[in-house]
Every structure is written in structure tokens, then in C-alpha cells.
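Protein chains: 2
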Amino acid sequence: MNSESKLFDYIEQFMPLTADERSVLSEFNLFHFFEKGMVILEEGDNTDINFFVLEGCVRCYYIVDGEEKTTAFYTENENFAPDVDIQAKSKFYASCVENSIILVSDSKMEKVFFEKFPRFETLCRLLSERLLAKVKSDFDIFKLSSPEERYIHLVENRPDLIQRVPQHFIASYLGITPVSLSRIRGRLAKKV
Amino acid sequence: MNSESKLFDYIEQFMPLTADERSVLSEFNLFHFFEKGMVILEEGDNTDINFFVLEGCVRCYYIVDGEEKTTAFYTENENFAPDVDIQAKSKFYASCVENSIILVSDSKMEKVFFEKFPRFETLCRLLSERLLAKVKSDFDIFKLSSPEERYIHLVENRPDLIQRVPQHFIASYLGITPVSLSRIRGRLAKKV
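In C-alpha cells, the structure reads:
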């Protein structure tokens with residue numbers, strides 16, 4: 001299945017697309033292929049850009065005192081933007097953990113599209129609300145949990161990330177050292 | 193200024209309202225007054241409800257092993273919902289830190305309103321996107337910071353909360369004990 005069909009399939013979970021809508025979506029030339037390891041966003045970059053992952057895995061990270069601190073992973077059908085204020089500058093980096101196909105858009109493209117197809121605004125509102133609820137819930141769980149509980153939550157809810165992402169990125173994401181993560185994994189393996 | 197005018201003023205920062213829109217908003221009977229200390233949402237409650245704070249301050253918290261763990265505060269012009277899945281049950285509680293005026297709505301009301309005034313969907317999309325960016329940024333900062341840095345960030349970005357919210361709720365929100373918070377405040381006071 002090509003990238004375009006994947007996008008159409010995703011959108012059609014929420015609303016069927018007309019031939020006209022499909023054709024305008026195709027015209028936009030939204031799809032970009034990035035190789036594993038490629039940095040697609042840097043600190044200081046313009047923020048009028050929106051990423052929607054169709055295939056692959058992206059890692060977001062800050063550089064603090066020369067050290068990378070991973071804060072998020074985005075995989076199939078997840079989107080992220082560096083900042084809602086499109087006049088701002090990005091505070092973080094994003095790079096591909098795998099070869100990835102990513103839909104890249106900006107506010108001008110979105111405006112044209114919403115004007116032509118207002119019902120896409122409904123879709124975008126729904127997706128924003130879903131993502132907002134997910135991020136809030138993840139934040140709550142992070143606050144309420146010990147590092148070990150955070151790891152268990154990740155294994156239970158995002159088992160794919162454990163397989164796809166190198167362990168030192170997972171450790172950084174959980175706010176612990178790779179050594180602590182190995183210890184946690186060791187303890188849990190004994191319990192099974 | 194009454195609650196209704198406050199709501200209109202808030203919306204008009206984003207788009208002017210017609211007389212018709214104002215009148216429909218008034219008819220909905222959206223405004224509710226809650227006294228300080230009142231619990232407005234409990235664990236297990238239905239989630240088809242949306243809160244928009246017009247005046248006052250709401251605290252969200254989980255009860256873990258009999259202990260309240262504060263995860264969020266919402267004040268003027270901030271909104272929250274227990275879950276995006278309106279079939280779910282709330283996992284957390286919300287109570288008023290101050291006497292509060294809160295706009296309470298549900299999905300049925302929103303649907304009627306969006307159908308009558310589609311451009312409100314644009315507003316809701318924009319607000320969701322703004323809030324999403326804010327929550328993500330807060331989450332990143334929380335992950336990247338020590339408890340002292342989290343407190344400094346709160347003082348700099350939400351000085352009103354420091355004044356409005358009892359210190360033991362602030363400590364819980366920062367993930368530390370009230371004693372640790374007092375120590376941090378002591379250390380910072382000496383630096384000034």
C-alpha cells in the first residue's frame with residue numbers, strides 16, 4: 001500500500017473522502033521520505049510546520065548541557081508540531097528512529113484546505129482533542145509513577161516502542177539512566 | 193462584569209460574535225457557580241462533560257492508596273474534560289480551590305452549537321491546539337527539570353497559582369513533600 005492510500009485509509013476511519021477531496025490531498029505533495037537517523041527538526045527552526053507520521057518512528061529530544069534528553073516518540077498516525085505559535089522558534093529536535101514517511105504541512109496549506117473542505121476542520125478538532133486527552137493522561141501517569149511503574153506502563157501500552165527504539169532512548173524518555181533501566185528489566189524478568 | 197460578558201469577551205479575542213450567536217449561547221444555561229471546596233468531578237463519573245473555568249480555580253487529583261495526588265490546576269479561560277472517550281469513566285477528581293464560575297457542557301450541546309454555528313468549530317480547534325501545545329511543553333519541562341527547577345518554572349510562569357493555591361497542593365503538584373517544598377523556598381529566599 002502506498003503512502004497516499006495509508007493516509008486516505010486513516011482519514012476514512014473518521015469520515016469517507018470524496019474523489020475531489022482525494023485529488024486535492026494528492027496535489028498538495030505532502031509526503032516526504034526520511035532515512036533512519038535523519039534530523040527533521042532542530043532547536044531554533046521555524047515552527048510553522050506540522051508533522052504527521054504515516055510510517056516509521058520519530059524521536060523528539062532537547063539538548064541540555066550537551067546531553068540529549070528524549071521527551072517523546074511519534075509513530076504511525078501520530079502528529080506533532082514544534083510550537084502552536086508559528087512565529088516562535090523550536091525548542092527541541094526531532095530525528096527518525098527508523099526510515100519514515102511523514103506528511104509535512106504548514107499553516108498556509110491548512111488554511112487553503114480548510115477553506116475548500118470545511119469538514120476537515122471537524123476532523124482536525126477531533127484529532128487535537130484526542131491527542132490532548134492522551135498527552136494529559138500520559139503526563140498524569142508520569143507524575144504518579146515511579147520509574148519502574150513508568151516502564152511497566154510503557155511495556156503494556158506501547159510494546160511496539162520497546163521493540164523499535166534503542167534502549168538508551170527509552171531510558172532517557174523514562175528519565176533514568178540506561179543502567180537503571182537494565183536493573184528494572186532484570187527485576188521484572190525475575191518476577192515473571 | 194457578569195459571567196456571560198466574560199465568556200463573550202473571551203471568545204471575541206478570537207472572533208466577533210453576532211447577536212444571534214450571543215443569544216444562543218445565553219439560552220444554553222451554561223453557567224454554574226460552585227463554592228470553594230466543592231468536588232465537581234469524581235473518579236468513576238461519566239466523562240461526557242466539559243468544564244471551562246470563567247472565574248476561580250479548580251484542582252484535579254487522583255486518589256492513590258488513600259492519598260490525594262494533585263496533577264493539574266485550571267483557572268480563568270482554561271478548560272478540561274475527564275476523558276476524550278465519552279463512554280469512559282473519569283479516573284480523577286476535580287474540586288474548587290476557590291469559589292468558581294464554570295461553564296459546563298456536554299457533547300450533545302456542542303453538536304447543536306457547532307451545527308448552528310460552524311465557525312465555532314474553528315475556535316474549538318484553535319483552542320485545542322493551543323492547549324495541546326501548552327500541555328506538551330509543560331510535560332517536557334517537567335521531565336527535564338529537578339523539583340527545584342519545576343518550582344522556579346511555576347513561580348515564573350504561574351505566579352498567580354503560588355498565591356491562590358495552598359502550599360501542600362503545590363507540593364503534591366510538583367511531586368514532592370510539603371517539607372521539601374519549604375526547603376526549596378528557603379534556599380531560593382537566601383539566593384535573592
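Protein chains in written order, with my numbering: chain A, 1 to 192; chain B, 193 to 384. Just so you know, even glycine gets a beta-carbon here, dropped at the ideal spot from N, CA and C. Just so you know, these numbers come straight off a predicted model, no measurement behind them.
| query | Roughly how many whole angstroms lie between the Cα atoms of GLY308 (chain B) and ARG22 (chain A)? | reply | Gly is not the amino acid found at residue 308 (chain B); the sequence shown has Lys there. When only Cα atoms are considered, LYS308 (chain B) and ARG22 (chain A) end up about 27 Å apart.
| What does ASN271 (chain B) pair with, by DSSP beta-bridge criteria? | B:PHE244
| task | Between the Cα of ILE232 (chain B) and those of B:ARG342, B:TYR365 and B:ALA273, spot the shortest distance and give me the residue it belongs to. | result | B:ALA273
| query | How long is the line joining the alpha carbons of ILE278 (chain B) and SER299 (chain B), rounded to whole angstroms? | reply | 8 Å
| For chain A, is any of its Cβ atoms less than 8 Å away from the one on LYS335 (chain B)? | yes
| query | Can the beta-carbon of LEU123 (chain A) be found less than 8 Å from the beta-carbon of PHE14 (chain A)? | reply | Between LEU123 (chain A) and PHE14 (chain A), the C-beta spacing is below 8 Å.
| Test item: CB-CB of LEU132 (chain A) and VAL327 (chain B) under 8 Å | Yes. Within cutoff.
| message | Checking 8 Å against the spacing of the C-beta atoms, do LYS91 (chain A) and LEU336 (chain B) come in under that value? | response | In this structure, LEU336 (chain B) does not lie closer than 8 Å to LYS91 (chain A) by Cβ.
| Taking C-alpha atoms, which residue in B:VAL289, B:SER297 and B:LEU209 lies nearest to LEU222 (chain B)? | Checking every option, the nearest Cα to that of LEU222 (chain B) belongs to B:SER297.
| Which residues in chain A sit within 7 Å of GLY367 (chain B), going by Cβ to Cβ distance? | LYS143
| said: So with CB distances below 9 Å, who are the chain A contacts of CYS288 (chain B)? | reply: The contacting residues do not exist; CYS288 (chain B) stays about 19 Å from chain A at best.
| field | Residue from B:ARG311, B:TYR285, B:ASP330 and B:LYS382 whose Cα sits closest to the Cα of PHE243 (chain B) | value | Ranking the options by Cα distance to PHE243 (chain B), first place goes to B:TYR285.
| Is the CB of LEU131 (chain A) under 8 Å away from at least one CB in chain B? | yes
| task | Would you kindly report the start and end of the unbroken alpha helix (DSSP H) that includes CYS57 (chain A)? | result | Unbroken run through CYS57 (chain A): none, as it is neither H nor E.
| query | Which one of B:PHE306, B:LYS228 and B:PHE361 has the shortest CA to CA distance from TYR254 (chain B)? | reply | B:PHE361
| Helix or strand or just coil, what does DSSP make of LYS382 (chain B)? | Correct three-state label for LYS382 (chain B): helix.
| With a cut-off of 8 Å, does the C-beta of TYR254 (chain B) fall near any C-beta of chain A? | Judged by the 8 Å Cβ criterion, TYR254 (chain B) is in contact with chain A.
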